[in-house]
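Residues in the sequence shown are numbered consecutively from 425, following the numbering used here.
Glycine is no exception: its CB is placed at the ideal position from the N, C-alpha and C atoms.
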Amino acid sequence: MSRTITRAVVAAGGAGTKMDPITRILPKEMLPAGGRPILEHLVHELRTAGITDVLFVVSARKPQIPAYFGSGSAYGMDFSYRGQDDGAGPGAPVLAAETWTQGQPFVLAFGDNLIRGAADRETPLQRLLAGTADCSVLTRIFPADGIPAHETLLGAADAPGPGPAAVAFGRDLLDHAGAQWVHACAARWVLGPVVFDALRACPPRPGGELYLIDAIRRWIAAGNHLTALPLRPDDLRFNCDNWETYHDAVAALRP
């Protein structure tokens, strides 16, 4: 059954400590690339995919984000804002959005990640939104012996093919020990209401941070399935939470 998803939660609460000292005065999501802030690229990505309502979950130390984006009227969208405590972890923005999502499926996008597909076809997020699974995620497939730093691993993968093939990701794929290829999460999710109970049932890590990936892996281990949709080989994705990848993004988007 087809569905229309028009709401997105944007996680933009991380402190950006890997990019000190600049991020003490400017959020990493607001660093420029291709003539606009990283986060503005995401706003355009969401709008292209049919999203009309966005909730930004931000740290109180990032007033620049609501100051820049305002109500969303300049984009023909509706923007709302909620706060997140520093150090709460990447699962916290999801729980903060529970009432706002009104029991409907929604997009979760991490604001420091820039994704761009080829100009002549559907965007990766549009392809993800075409599915009907309770939970789904864009992934990038990496060789197990060549996983870049800063990646969030999901589990074992088959060798990448010429085009994206959605995978029903079950508990048999969670253990990637000995796997030649692995799925790494690519910062764009479609989540249903089941995610909130999964997060509440998930213990935080020793530092007190709540991780979405921990909750999702526990949910899969309980017998549920996640749809993993790999990015195409020529889809660009930059996890701009560190200087090296940020500079790669700037170079790729330079006119």
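D638 carries a helical assignment under DSSP once its states are collapsed to helix, strand and coil.
Between I637 and A622, the C-beta gap is not smaller than 8 Å, which leaves the two residues out of contact. Going by DSSP, H671 is part of the alpha helix (DSSP H) stretching over W667 to L677. In the structure shown, R427 falls within a coil segment according to DSSP collapsed to helix, strand and coil. Shown here for T547: same chain residues with a beta carbon closer than 7 Å to its own, the five before and five after excluded, namely E469, T472, A473 and G541 in chain order. Judged by DSSP in its simplified three-state form, S495 adopts coil rather than helix or strand. If the five residues before and after L634 are omitted, its C-beta is found closer than 8 Å to the C-beta atoms of A512, G513, P514, G515, A516, L519, L623, C626 and P628, all from its own chain and listed in chain order.
H468 carries a helical assignment under DSSP once its states are collapsed to helix, strand and coil. With fewer than 16 other beta carbons inside 10 angstroms of its own, D596 counts as exposed. In the DSSP assignment, T525 falls outside any beta strand (DSSP E) and within the unbroken alpha helix (DSSP H) covering E522 to T525.
When C-beta atoms of the stretch 594-611 are compared with those of the stretch 526-538, three or more pairs fall below 8 Å, so the two segments count as touching. Runs of beta strand (DSSP E) with 3 or more residues, each lying fully within the stretch 524-564, are found at 530-534 and 537-540, listed in chain order. Between P617 and P567, the alpha-carbon positions lie close to 33 Å from each other. Residue pairing by DSSP places V591 opposite A652 in a beta bridge. With a cut-off of 8 Å on Cβ pairs, the stretch 426-438 is not in contact with the stretch 649-657, counting fewer than three such pairs.
Here the alpha carbons of V606 and D569 stand approximately 10 Å from one another. A436 sits in a strand when the DSSP states are folded into three classes.
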